[in-house]
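Here's the structure, in structure tokens; my notes come after.
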Amino acid sequence: MGIPTENFEVVNVNQGFGNISTRILESINKKFPIIKDGVVNLNGRKHIGKSIDNDKFLLTEKEYEKIAPSLKAESNKLVELLGVRFKEMEVPFSEEVKIDELLAVKIYEEYAEPHTSRLILSFIKSHSSFPISKLCNYFKENVLVLRDVAILLEDENILDALHYMKLARLIRPDGIQINNKIAEYEEIIKQNSL
Numbered sequence: 002m003g004i005p006t007e008n009f010e011v012v013n014v015n016q017g018f019g020n021i022s023t024r025i026l027e028s029i030n031k032k033f034p035i036i037k038d039g040v041v042n043l044n045g046r047k048h049i050g051k052s053i054d055n056d057k058f059l060l061t062e063k064e065y066e067k068i069a070p071s072l073k074a075e076s077n078k079l080v081e082l083l084g085v086r087f088k089e090m091e092v093p094f095s096e097e098v099k100i101d102e103l104l105a106v107k108i109y110e111e112y113a114e115p116h117t118s119r120l121i122l123s124f125i126k127s128h129s130s131f132p133i134s135k136l137c138n139y140f141k142e143n144v145l146v147l148r149d150v151a152i153l154l155e156d157e158n159i160l161d162a163l164h165y166m167k168l169a170r171l172i173r174p175d176g177i178q179i180n181n182k183i184a185e186y187e188e189i190i191k192q193n194s195l
């Protein structure tokens, strides 16, 4: 047909997202769905085109237990209809997700947007093997990371939260939320020292 094919990129369309990528996208989709009330949600996530990990997505044993009764009922119906060859024999499980520092940096760089920054950092924090504040060493000039890490720390360590929020203010001195949070943290520290 005369169509030049040298610039075509071959893609395996049956490729899935990895275990961690799937879990991150599920968290984002819950909070920022692409479709909301039947229309496109302009605050929804943007298209995410690649997986940051290659581990196959599997449920953890705990997740599986929540749906096991309905899966067993479905499996029994398949056996009735199609025979014992179609019975699910063994279900493989995923280990609990653990994120190290370098993977956390990769996750944030690949998936975070201004409106999803805190959600991504919260996901990393809940699955990480290191203090979330260490990410600030990798993103020293990223006001979103500094601000959102401070907010994630405010219930655990108000002094650290104040420190990272002040670093955010160095980048964005007129940031309303940043300045309000600093005033809030300073008031909490003042009240706690009385």
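Position 115 of the sequence shown, counted from 1, bears residue number 116 in the numbering used here, the numbering being contiguous throughout.
Think of the CB as a built atom: it goes at the ideal place given N, C-alpha and C, for glycine as much as any other residue.
*Can you list, in chain order, the residues of its chain whose CB lies under 6 Å from that of Val106, leaving out five sequence neighbours each side?*
Tyr139
*asked:* Per DSSP, what are the beta-bridge partners of Ser129 in this structure?
replied: Ile100
*Going by CA-CA distance only, name the one from Glu97, Val146, Ser76 that's closest to Ile108.*
Val146
*asked:* Can you tell me whether Ile68 is buried or exposed? The criterion is at least 16 other CB atoms within 10 Å of its CB, across all chains shown.
replied: exposed
*Can the beta-carbon of Ile189 be found less than 7 Å from the beta-carbon of Met166?*
no
*Would the beta-carbon of Ile179 fall within 7 Å of that of Arg170?*
yes
*asked:* At the level of alpha carbons, what is the spacing between Ser71 and Val98?
replied: 25 Å
_So, for Gly19: in the same chain, excluding its five sequence neighbours on each side, which residues have a beta-carbon less than 6 Å away from its beta-carbon?_
Ser52, Asp54, Asn55, Asp56
*What first and last residue would you give for the alpha helix (DSSP H) that runs through Arg148?*
144-154
*Grab me the residues of Asp38's own chain with a C-beta within less than 6 Å of its C-beta, minus the 5 sequence neighbours each way, in chain order.*
none
*Just mark Ser130 as buried or exposed, buried being the case when its beta carbon has 16 or more other beta carbons within 10 Å.*
exposed
*Check whether the Cβ atoms of Ile172 and Val144 lie closer than 7 Å to each other.*
yes
*When you compare each of His164, Ile177, Thr117, Gln192 to Asp27 by their alpha carbons, which one comes out closest?*
Rather than Asp, the amino acid found at residue 27 in this sequence is Glu. Of the listed residues, the one whose Cα sits closest to Glu27 is Thr117.
*Member of Leu122, Gly17, Glu114, Glu187 whose CA lies at the smallest distance from the CA of Asp101*: Leu122
_Nearest neighbour of Lys63, chosen from Val40, Lys78, Glu96, Met90 [CA to CA]_ = Glu96
*Do Ile133 and Leu120 have their C-beta atoms closer together than 7 Å?*
no
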